[in-house]
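A.B. asks: Got a structure here, written out as structure tokens. Questions coming.
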Amino acid sequence: MTFMFRIGLVLMLVLGCISCLQDDAPKAEERVRVGDKLPRFDVVMNDGSRLSTSRLEGKVSVLVFFSTGCPDCRKELPVVQQLYDIYKDNAEVEIACISRAEGENSIKAYWQEQGLTLPYSAQTDRTVYELFCTTGIPRIYIASPSSTVQFIFTDNPLATLDDLRQAVASCL
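Right, here's the structure in full:
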């Protein structure tokens, strides 16, 4: 009986700890949904230019939130690169990556290592990211020329090149 009591006590402690951990876990908050306007933001891109909500007006916008340490982002960024290669000369489409709390040096090194040419903005905090959502990357927002979000892609499942091409094409 003592053995069963000990097992029961250990089980209660473990379950109690798990429930405390779950209480402290941040809940995802979708701040931008399909049908919403893009929130106002202004960032400096890796080439020194500025990207802002007002600059995106009149274009199809593809905004990618990422971190180079994220395994799913590492899978998705080459797909977004393919999309960028298709549309980089199309003035009606703007594709930009915005980091979630990652600095310039690590992004630049990763871009060089992977041969990426996508434009990016290194954000050392989550300020811009949290205008859109509070947790989860990669996140891809595709907005129409009126700055209305038409598509949101996350890691469940990751977007394919066909998914992204169809979304952009439907906004043109």
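If you number the sequence shown the way the numbering used here does, the last residue is 173 and the count never jumps.
The C-beta atom is built at its ideal place from N, Cα and C for all residues, glycine as well.
Computed from a prediction, not measured in an experiment: that's the story for all the values here.
1) Residue range of the beta strand (DSSP E) that ILE141 falls in?
2) Distance, Cα to Cα, MET46 vs PHE66?
3) What three-state label does DSSP hand SER171 in the structure shown?
4) Specify the secondary structure class of ALA160 as computed by DSSP and reduced to three states.
5) Between the Cα of PRO79 and those of SER50, ALA92, THR161 and CYS134, spot the shortest distance and give me the residue it belongs to.
6) Less than 9 Å between the beta carbons of LEU1 and VAL35, yes or no?
7) Would you call the stretch 139 to 156 in contact with the stretch 106 to 117, where contact means no fewer than 3 C-beta pairs closer than 8 Å?
8) What is the rounded straight-line gap between the Cα of LEU39 and the Cα of TYR142?
9) Which residues does DSSP list as the beta-bridge partners of PHE133?
10) Grouping DSSP H, G and I as helix and E and B as strand, with all else coil, what is PRO27?
11) If you compare alpha carbons, which of PRO120, ILE138, LEU84 and SER55 is closest to ALA102?
12) Looking at the structure shown, is LEU149 part of a helix, part of a strand, or coil, going by DSSP?
13) Please state whether DSSP places ALA97 in a helix, a strand or coil.
C.D. replies: In brief:
1) 140 to 144
2) 13 Å
3) helix
4) coil
5) THR161
6) Because the chain in this structure spans residues 2 to 173, residue 1 falls outside the shown range and cannot be described.
7) no
8) 9 Å
9) For PHE133, which the question treats as bridged, DSSP gives no partner whatsoever.
10) At PRO27 the pLDDT is 49, less than 50, meaning the model places this residue with poor confidence and gives no usable figure here.
11) ILE138
12) A quick correction: the sequence has Thr, not Leu, at residue 149. In this structure, THR149 counts as strand in the three-state DSSP scheme.
13) strand
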